[in-house]
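Trainee:
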Amino acid sequence: MIKTGQITKGRIFLVILPSQEIQKNVDSEVARLVKRDKTSIVYVSLNKPYSLLSQSWKKKKIGLDKILFIDCLTAGVVEKQNGKNVIYDLTPNSLTSISLAISTFLKSVKGKKAIVMDSLSTLLIYNELSMVARFTNDLVEKARASQAKAIIFTTKHEELLNKVSLFFDRIIKKEG
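Residue numbers for the sequence shown follow numbering that gives the first Met the number 0, beginning at 0 and rising by one.
1. In whole angstroms, what is the alpha-carbon distance linking V33 and K58?
2. Per DSSP, what kind of secondary structure is A147 in: helix, strand or coil?
3. Throw me the rounded Cβ distance for the I97 and I69 pair, which I believe falls under 8 Å.
4. Taking C-beta to C-beta, are A132 and I11 nearer than 8 Å?
5. F167 and V139 - do their beta-carbons sit closer together than 8 Å?
6. Ignore the nearest five residues each way along the sequence and tell me which others in E158's own chain have a CB closer than 8 Å to its CB.
7. Span of the beta strand (DSSP E) holding I124?
8. Distance, Cα to Cα, V43 vs L94?
9. When you compare only the Cα positions, how much space is there between T121 and P48?
10. I need the DSSP call for A12, collapsed to helix, strand or coil.
11. Could you check where the beta strand (DSSP E) with K112 kicks off and where it finishes?
12. From A113 to V163, what does the alpha carbon distance come to, in whole angstroms?
13. With DSSP as the reference, label K172 as helix, strand or coil.
14. May I ask you to list the residues that DSSP assigns as paired with I69?
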């Protein structure tokens with residue numbers, strides 16, 4: 000698990016972890032941002048549907064009212080669980096639409112805000128490397144322009160890391 004102190008205020012982070020460690024670290028960072036830092040979050044989920052995340056986070060007493068979920072897994076696959084704070088109709092290959100949803104969130108929220116994404120490398124299943132790199136650059140620029148924190152989780156993928164690592168203020172890496 001990454002150390003909570005490694006992710007500090009006002010920074011843009013790329014967190015590289017083994018795939019089996021991403022979700023527990025996402026959970027930990029989301030809990031810290033919402034509970035301790037009182038931050039509103041747009042969470043782009045590429046690996047776990049809203050229905051499972053919301054159940055898990057409710058049990059951990061993470062306030063879902065501070066989180067906008069962009070569920071990129073559920074569109075057209077399973078029955079959607081109602082929620083005013085979830086967007087279902089975006090897929091991992093609709094990068095422009097995901098970017099627009101993030102922009103809308105960042106413009107509408109006052110106070111502390113953050114973008115959290117699991118897992119950037121998953122986008123490579125649905126998109127070309129160059130598209131994912133452009134999307135990542137756009138995401139980071141949106142975070143900077145709106146003074147939001149960005150915490151982007153990914154697995155180790157050398158080609159992807161070579162393209163995107165310069166966009167981030169800090170890279171946190173755990174080998175495994």
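Built from N, CA and C at the ideal position, the CB exists for glycine as well.
Mentor: Reading from the atomic positions:
1. Within the sequence shown, the letter at position 34 stands for residue 33. Within the sequence shown, the letter at position 59 stands for residue 58. Separation of V33 and K58 (C-alpha to C-alpha, rounded to the nearest whole angstrom) is 14 Å.
2. Here residue 147 is taken as the residue at index 148 of the sequence shown, counted from 1. Secondary structure at A147: coil, using DSSP grouped into helix, strand and coil.
3. Stepping through the sequence shown from its first residue, residue 97 is reached at position 98. Stepping through the sequence shown from its first residue, residue 69 is reached at position 70. The Cβ separation is near 6 Å, so the contact holds.
4. Position 133 of the sequence shown, counted from the start, is the residue given in the question as residue 132. Position 12 of the sequence shown, counted from the start, is the residue given in the question as residue 11. Contact flag unset, no.
5. For the purposes of this step, residue 139 is taken as the residue at position 140 of the sequence shown. For the purposes of this step, residue 167 is taken as the residue at position 168 of the sequence shown. Yes; because the gap between Cβ atoms is below 8 Å, this pair is in contact.
6. Counting from 1 along the sequence shown, the entry for residue 158 is found at position 159. These residues qualify, in order along the chain: L128.
7. Walking along the sequence shown from the start, residue 124 turns up at place 125. For I124, there is no enclosing beta strand (DSSP E), as DSSP marks it with neither H nor E.
8. Taking the first residue of the sequence shown as position 1, residue 43 is located at position 44. Taking the first residue of the sequence shown as position 1, residue 94 is located at position 95. C-alpha separation (whole angstroms): 11 Å.
9. The residue labelled residue 121 in the question sits at position 122 within the sequence shown. The residue labelled residue 48 in the question sits at position 49 within the sequence shown. The straight-line gap from Cα to Cα measures roughly 14 Å.
10. For the purposes of this step, residue 12 is taken as residue 13 along the sequence shown, with counting starting at 1. Residue identity check: residue 12 is Phe in the sequence provided, not Ala. Here DSSP, grouped into helix, strand and coil, assigns F12 to strand.
11. Against the sequence shown, residue 112 aligns to sequence position 113. Taken as a continuous stretch (DSSP letters only), the beta strand (DSSP E) holding K112 covers K112 to D117.
12. On the sequence shown, residue 113 is found 114 positions in, with the first residue counted as 1. On the sequence shown, residue 163 is found 164 positions in, with the first residue counted as 1. Straight through space, the alpha carbons of V163 and A113 are spaced by roughly 19 Å.
13. Your numbering for residue 172 matches position 173 in the sequence shown. In the structure shown, K172 sits in a strand (DSSP, three-state: E or B).
14. The count along the sequence shown starts at 1 and reaches residue 69 at position 70. For I69, the beta-bridge partners assigned by DSSP are V43 and I86.
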